[in-house]
Amino acid sequence: MESNSSSSSSAPLHKSRVRVHTISPTRSLLLFFFLFFCINFTTTASNSITQSSDSETLYSKHCNDVVPKSDTDPTRWFVTNLSIQDIGFRNGYFTGGDQLFKQNLKTSEVDDLKALSFVPSDVGKTLTEGVFKVRATLHLRDYSIFHNSTRRNLRLVYFKGPRSHFRKGLLNFRLDGYYSESSKKLCMVGNGGSGNLRPLSVVLKLNYPRSSSIYDSLITGTLESLSDKHDRDYFEPLLMLGLYQSSSYEYKLAGKDSENGCLRGDDRGENLDVGKSKRGLCMLLGKLHESFELEYGSDCGSVNCNPLGGNAGYVSSFVYYGTRCADGRKMQMLLGFPNSSYYGIKFPFDPHTTFITEGAWDEKENRLCAVACRILNFTESLTYAFVGDCSTKFSLRLPTKLSLWNRSTVVGEMWSIKEVNDSGYFAKIGFHTLSGWLMKLLDFKYEYSENDDMRKTCAEKKAGRGKGKIYPDEFSVDMKFGMTVRNSKGQQASGYSSPLFVEDERVYGRRFWDKLPQTESSMQLNQSHTHSSPMNVSYKLFFISDFGFRHDVFPSKAELSAEGIYDRDYGNLCMIGCRHVPVKNKTLIKQDMLDCAIKIIVQFSPLDTKDGQNVKGTIESTRGKLDPLYFEPIEFSSNSIYTSQAAASISRIDFEISMVLISNTLACVFVGLQLLFVKKHPDVLPFVSIVMLIVLSLGYMIPLLVNFEALFVPNKHHSQQDTFLGTGGWLQVNEVVVRVLMMVSLLLQLRLLQLTWSSRQGHGNQKSLRDSERKVLYATLPLYIAGALIVWFVNLRKNAYQRSHRPFQRPHRMAYRVSTLHHLAYQQHSLREDLSSYAGLVLDGFLLPQILFNLFLNSGEKTLACAFYLGTTVIRLLPHAYDLYRAQTGTWFLDLSYIYANHKIDFYSTAWNIIIPCGGLLFAAIIFLQQRFGGRFILPKRFRQTSVYEKVPVISNEEL
45 MESNSSSSSS
55 APLHKSRVRV
65 HTISPTRSLL
75 LFFFLFFCIN
85 FTTTASNSIT
95 QSSDSETLYS
105 KHCNDVVPKS
115 DTDPTRWFVT
125 NLSIQDIGFR
135 NGYFTGGDQL
145 FKQNLKTSEV
155 DDLKALSFVP
165 SDVGKTLTEG
175 VFKVRATLHL
185 RDYSIFHNST
195 RRNLRLVYFK
205 GPRSHFRKGL
215 LNFRLDGYYS
225 ESSKKLCMVG
235 NGGSGNLRPL
245 SVVLKLNYPR
255 SSSIYDSLIT
265 GTLESLSDKH
275 DRDYFEPLLM
285 LGLYQSSSYE
295 YKLAGKDSEN
305 GCLRGDDRGE
315 NLDVGKSKRG
325 LCMLLGKLHE
335 SFELEYGSDC
345 GSVNCNPLGG
355 NAGYVSSFVY
365 YGTRCADGRK
375 MQMLLGFPNS
385 SYYGIKFPFD
395 PHTTFITEGA
405 WDEKENRLCA
415 VACRILNFTE
425 SLTYAFVGDC
435 STKFSLRLPT
445 KLSLWNRSTV
455 VGEMWSIKEV
465 NDSGYFAKIG
475 FHTLSGWLMK
485 LLDFKYEYSE
495 NDDMRKTCAE
505 KKAGRGKGKI
515 YPDEFSVDMK
525 FGMTVRNSKG
535 QQASGYSSPL
545 FVEDERVYGR
555 RFWDKLPQTE
565 SSMQLNQSHT
575 HSSPMNVSYK
585 LFFISDFGFR
595 HDVFPSKAEL
605 SAEGIYDRDY
615 GNLCMIGCRH
625 VPVKNKTLIK
635 QDMLDCAIKI
645 IVQFSPLDTK
655 DGQNVKGTIE
665 STRGKLDPLY
675 FEPIEFSSNS
685 IYTSQAAASI
695 SRIDFEISMV
705 LISNTLACVF
715 VGLQLLFVKK
725 HPDVLPFVSI
735 VMLIVLSLGY
745 MIPLLVNFEA
755 LFVPNKHHSQ
765 QDTFLGTGGW
775 LQVNEVVVRV
785 LMMVSLLLQL
795 RLLQLTWSSR
805 QGHGNQKSLR
815 DSERKVLYAT
825 LPLYIAGALI
835 VWFVNLRKNA
845 YQRSHRPFQR
855 PHRMAYRVST
865 LHHLAYQQHS
875 LREDLSSYAG
885 LVLDGFLLPQ
895 ILFNLFLNSG
905 EKTLACAFYL
915 GTTVIRLLPH
925 AYDLYRAQTG
935 TWFLDLSYIY
945 ANHKIDFYST
955 AWNIIIPCGG
965 LLFAAIIFLQ
975 QRFGGRFILP
985 KRFRQTSVYE
995 KVPVISNEEL
């Protein structure tokens, strides 16, 4: 029995063959996504079926009497003679529905800034002849909510009451319904709204004209709520008016009276023949959307000069919008006369201020002759509105030559053919504009004025300055720049400056990749002009005053035309300028409104400049101080960078992207080497500082948590950066790759932390390890907190100083293009960015907890692999060395484009770039020496030893 028992006990135990079915993580993930897709698809399909059923029920109840419902013909769904253009419209107006918008924000100045558009997406045939099924989206917008602003960029305080059912200024409705070709009626039902608020159920009814002409150009209709009158989502019916855009339009007035309908004798020079242009009239003017300045004649004091009539007062501008063009010469356009609240976002289709115009190009006179009609009978209801009163004539032409006094690419006149005593009569009004679109497409010429005094003055100004340096080429886009304007009080405004012509060559609208066209004149310019020969240039300068900029002479929006000479040897641009004098009396004619006694001096920096301001200049009046048109000198500067600097920045960014990827990859490799090291030497794991591993883990975890959406959602912050750099989505792809590498490093760090923590459980020296770790925590935590408090205090001091010097403070470094003056004049230091930089400093000294742990424990174990602590140190310190190199060799780079050695995630300056690397290398050297000579080798000898018990041999009783 004993032997059997012994043998059985000594025999190996046989494992029971129990098959355990396990699912790999990959298969589990695929199964999860498959189930999620099935559930989501089922839910979506169920919702679609339910919505379709509800839509059919609502249509039968509210629309069947307008256009009877009909089943669709699946075999002929896309075979239809009704196009989307025939029933859709993008220019519309509405009244009513005050409950839909926050009407309490409205003021009398912006009472009618409303717009709507109706955009069909599908049109299909049904089994009933002449009935079509339509799917569409209706867009409603009340611009008064966006444009009502009297706060002057001051901070607003809102009272946050209970959640309201009011919508924002934009509403979208998705609709389904039917259109009848015989009755020209459309009825649709659907729902929509704004944001995450509860959708509104609505019914849309539209009435289309029987024919399509200038007299039959209006679509009328209503939008009604399907909610109960006592429901909070109920709103009063909206009345709508839209511009009919049928493809079967018939011109009624175009070209019929061009013989005697256009004014003659006021051309002041030749006109361009647009009809013979390669691009044609329809491309140039057929879809033109431009704002024109109005010029009132001297007789406006005695007769009405307002085309709108009534007591509307004078209007300063009107908007031209081409809607259709046919046969290369006939056009339909809209003329709008909005008030000062119009911002040019969309054509202001308001029946109070809109003319529907039809005209044709006169090939003999090279001008557009048109007739403009008013929208009538809309005061009580838009339902009965119609087009009539076609007593306004309209003429438009494009002058061949531009000059200092005439910078308009398009000029024209409008007048009334009524009698002076008739209601609605107005005198002739001129208009003009500088259209960038036409400037780029047509061959305009420039005529320079002769000004020898200006040339002498400019020759004295340069006086041998800058000889031998390289300045921007006169044909390059470096001559165009954004600028910051400052008056004598130090107040600022923002603007831009752009050249129009260099000699006879147009440069306006050119991009940096465009080449100068090889025309005969351009070849002559290259041959005849050298660096010692200044060249004629013409410029356009523009700036907008803000609440922080006040000037007695310049209005809130100032535009100057200028011409002069540019000497590339000295980077000096000297010009005379003209401006329109702001006057309250609109009866003055154009010539009396020009002030050309202005001198403009611009000094460009060399292409290799290291200064952030590439352009500096002044605008001065040459009049006497007692002259009413005299103004104090105005200074301006620019932070725009040169194309060569931009190219250098892009090359540097490519290098920095590579450095970031390499650094993060090496970080993963070094942590992996540490894991291999502790796998081979598991006895050293308990002697790794947990505080150090926590610091490293947090260094990867916090950026991932803050920017976790960058893995899946594009970062909006990089929209401006990508626009400047022209890098498209490459930077965003780089961000995702970097985040993935950081996540891998974090997982490896957490694995190392878990192994270290597990190795200490049940260790024979567990108490001393725990005590030493606690001492490290007591030593480092107050140090880290004190550093954070110092950063917070310094941040408060910097912001307080900046606020006290707000009108005169210039940011340390500016972006390529400043979008608002507010950002230019006032840029607070973000506490979050300062704390991020401080966190980078803590990570630079990640070895400090390990040094203290070795010191308190007096450990001499080789706990860290040399590749880990030295490699990680180099990764952390190399950006500082690179920043030193970048600051010394770079011309002028932007903080916005810093990718490697980013100033927002660590402290970077000349001092920090020396202190941090020295400190990091010192910590690495201490770790190396501690692992070789013991944890307390850095202390004096009397503090190195600890009290230990000496082993004494035990003496037995026999030996006694």
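For the sequence shown, position 550 matches number 594 in the numbering used here, and the numbering has no gaps at all.
Cβ atoms here follow ideal geometry from the backbone N, Cα and C, with glycine treated the same way.
Practice task
Compute the distance between the beta-carbons of M284 and G265, then report whether it is under 8 Å.
Solution key: Position 240 of the sequence shown, counted from the start, is the residue given in the question as residue 284. Position 221 of the sequence shown, counted from the start, is the residue given in the question as residue 265. Yes, they are a contact pair.
Handout entry: Backbone CA spacing between S566 and E549 [nearest angstrom]
Key = Along the sequence shown, one-based indexing puts residue 566 at 522. Along the sequence shown, one-based indexing puts residue 549 at 505. Only weak support exists for where S566 lies, its pLDDT of 49 falling under 50; the value from the coordinates is given anyway. So the alpha carbons of these two residues sit roughly 7 Å apart.
Practice task
Would you identify the three-state DSSP class for P730, choosing helix, strand or coil?
Solution key: Position 686 of the sequence shown, counted from the first residue, corresponds to residue 730. Residue state, collapsed to three classes: helix.
Problem - Beta bridge counterpart(s) of Q647 as assigned by DSSP - result: Along the sequence shown, read from residue 1 onward, the residue named residue 647 stands at position 603. DSSP output for Q647 lists N616, K660 as bridge partner(s).
Handout entry: Cut-off 6 Å between Cβ atoms - residues of its own chain near L12, not counting five sequence neighbours on either side
Key = Look at the range of the chain in this structure, 45 to 1004, and you will see that residue 12 is not part of it.
Problem - Buried or exposed by the 16-neighbour rule on C-beta atoms within 10 Å, applied to I829 - result: Here the question's residue 829 lines up with position 785 in the sequence shown. Burial call: exposed.
Handout entry: DSSP bridge partner residues for K374 (one or two, in chain order)
Key = Taking the first residue of the sequence shown as 1, we reach residue 374 at position 330. Looking at the DSSP assignment, K374 forms a beta bridge with A370, A404.
Problem - Counted within 10 angstroms of its Cβ, other Cβ atoms place I960 as buried (16 or more) or exposed - result: Along the sequence shown, one-based indexing puts residue 960 at 916. I960 comes out buried.
Exercise for the section: Count the other C-beta atoms from every protein chain shown that fall within 10 angstroms of the C-beta of A180, then say buried if there are 16 or more, exposed otherwise. Expected result: To locate residue 180, count along the sequence shown from 1; it is residue 136. Classification for A180: buried.
Problem - Cβ neighbour criterion (16 or more within 10 Å) applied to G964 - result: What you label residue 964 is simply residue 920 of the sequence shown in a count that begins at 1. Result: buried.
Problem - Rounded straight-line distance, which links the Cα of R920 to that of S479 - result: Mapped onto the sequence shown, residue 479 falls at position 435. Mapped onto the sequence shown, residue 920 falls at position 876. Each residue's Cα considered, the two are about 53 Å apart.
Handout entry: Cβ contact check for the segment 894 to 906 and the segment 815 to 834: 3 or more pairs under 8 Å
Key = yes
Exercise for the section: Determine, using beta carbons only, whether Y295 and K374 come nearer to each other than 8 Å. Expected result: Counting from one through the sequence shown, the residue named residue 295 turns up at place 251. Counting from one through the sequence shown, the residue named residue 374 turns up at place 330. Yes, the pair counts as a contact, with Cβ atoms nearer than the cut-off.
Handout entry: Alpha-carbon to alpha-carbon, H274 and T101
Key = Position 57 of the sequence shown, counted from the first residue, corresponds to residue 101. Position 230 of the sequence shown, counted from the first residue, corresponds to residue 274. For T101 and H274, the distance between alpha carbons rounds to 22 Å.
Problem - Cβ shell of P650 (< 8 Å), same chain only, five flanking positions each side left out - result: Along the sequence shown, read from residue 1 onward, the residue named residue 650 stands at position 606. Counting only Cβ-Cβ distances below 8 Å, and skipping sequence neighbours, we find G510, K513, I514, Y515, G615.
Problem - Best match in H106, E494, N683 for proximity to N580 [C-alpha to C-alpha] - result: Translated into positions along the sequence shown, residue 580 becomes position 536. Checking every option, the nearest Cα to that of N580 belongs to E494.
Handout entry: Residue burial classification, F699 (beta-carbon count within 10 angstroms, cutoff 16)
Key = The residue you call residue 699 lines up with position 655 of the sequence shown. With fewer than 16 other Cβ atoms within 10 Å, it is exposed.
Problem - Complete runs of the alpha helix (DSSP H) confined to the segment 773 to 849 [at least 4 residues] - result: 774 to 804, 810 to 848, all fully within the segment 773 to 849.
Practice task
Check whether the Cβ atoms of V835 and D878 sit closer than 8 Å, and answer yes or no.
Solution key: One-based indexing of the sequence shown puts residue 835 at position 791. One-based indexing of the sequence shown puts residue 878 at position 834. Yes. Within cutoff.
Exercise for the section: Mark E424 as exposed unless 16 or more other C-beta atoms lie within 10 angstroms of its C-beta, in which case mark it buried. Expected result: Taking the sequence shown and counting its residues from 1, the one referred to as residue 424 is at position 380. A residue is called buried once 16 or more other Cβ atoms fall within 10 Å of its Cβ, and E424, having fewer, is exposed.
Problem - C-alpha distance - P395 paired with S335, whole-angstrom precision - result: On the sequence shown, residue 395 is found 351 positions in, with the first residue counted as 1. On the sequence shown, residue 335 is found 291 positions in, with the first residue counted as 1. Roughly 18 Å between the two C-alpha positions.
Problem - Buried or exposed (CB count within 10 angstroms, at least 16 for buried), D466 - result: Taking the sequence shown and counting its residues from 1, the one referred to as residue 466 is at position 422. Exposed, since its Cβ has fewer than 16 Cβ neighbours within 10 Å.
Problem - Meets three-Cβ-pair contact criterion under 8 Å: the segment 669 to 677 and the segment 912 to 930 - result: Counting C-beta pairs with one atom in each stretch, the segment 669 to 677 and the segment 912 to 930 have fewer than three that are closer than 8 Å, which means they do not touch.
Practice task
Assign G716 to one of three DSSP states: helix, strand, or coil.
Solution key: To locate residue 716, count along the sequence shown from 1; it is residue 672. In the structure shown, the three-state DSSP call for G716 is helix.
Practice task
Let me know the secondary structure DSSP gives K584 once reduced to three states.
Solution key: One-based indexing of the sequence shown puts residue 584 at position 540. K584 falls in the strand class under three-state DSSP.
Exercise for the section: May I have the straight-line CA-CA distance separating V788 from S238, to the nearest angstrom? Expected result: Counted from its first residue, the sequence shown places residue 788 at position 744. Counted from its first residue, the sequence shown places residue 238 at position 194. Near 41 Å, if we compare the C-alpha coordinates of S238 and V788.
Practice task
List the residues that DSSP assigns as beta-bridge partners of N235.
Solution key: Within the sequence shown, residue 235 is the residue found at index 191, counting from 1. By DSSP's assignment, N235 forms a beta bridge with R218, S245.
Exercise for the section: Count the other CB atoms, across all protein chains shown, that sit within 10 Å of the CB of Q647; report buried if there are 16 or more and exposed otherwise. Expected result: Sequence index remark: in the sequence shown, residue 647 carries index 603 (1-based). The C-beta of Q647 has 16 or more other C-beta atoms within 10 Å across all chains shown, which makes the residue buried.
Practice task
Would you mind stating whether I258 and C417 have Cβ atoms separated by less than 8 Å?
Solution key: What you label residue 258 is simply residue 214 of the sequence shown in a count that begins at 1. What you label residue 417 is simply residue 373 of the sequence shown in a count that begins at 1. Yes, they are a contact pair.
Exercise for the section: Flag this pair as yes or no: are the beta carbons of M786 and L748 separated by less than 8 Å? Expected result: Against the sequence shown, residue 786 aligns to sequence position 742. Against the sequence shown, residue 748 aligns to sequence position 704. Cβ atoms of M786 and L748: closer than 8 Å.
Handout entry: Reference R323, options A823, Q718, S688, L486, closest by Cα
Key = Translated into positions along the sequence shown, residue 323 becomes position 279. The option with the nearest alpha carbon to R323 is L486.
Exercise for the section: Closer than 7 Å by C-beta to Y5: which residues in its own chain qualify, once you throw out the five before and the five after it? Chain order, please. Expected result: This structure cannot settle anything about residue 5, because the visible part of the chain is limited to 45 through 1004.
Handout entry: Chain-order list of residues whose beta-carbon lies under 8 Å from that of F133 (same chain, five-residue window excluded)
Key = In the sequence shown, residue 133 corresponds to position 89, counting from 1. Around F133: S161, F162, I263, G286, L287, Y288, Q289.
Handout entry: Residue of S224, H106, S227, D220 minimising C-alpha distance to G236
Key = Reading the sequence shown from its first residue, position 192 is the one you call residue 236. Residue D220 is the option with its Cα nearest to G236.
Practice task
Measure the CB-CB distance between V735 and T800 and report whether it falls below 8 Å.
Solution key: In the sequence shown, residue 735 corresponds to position 691, counting from 1. In the sequence shown, residue 800 corresponds to position 756, counting from 1. Against a cut-off of 8 Å, the Cβ pair of T800 and V735 comes out as no contact.
Handout entry: Beta bridge counterpart(s) of L486 as assigned by DSSP
Key = Residue 486 sits at position 442 when you count from the first residue of the sequence shown. DSSP output for L486 lists no bridge partner at all.
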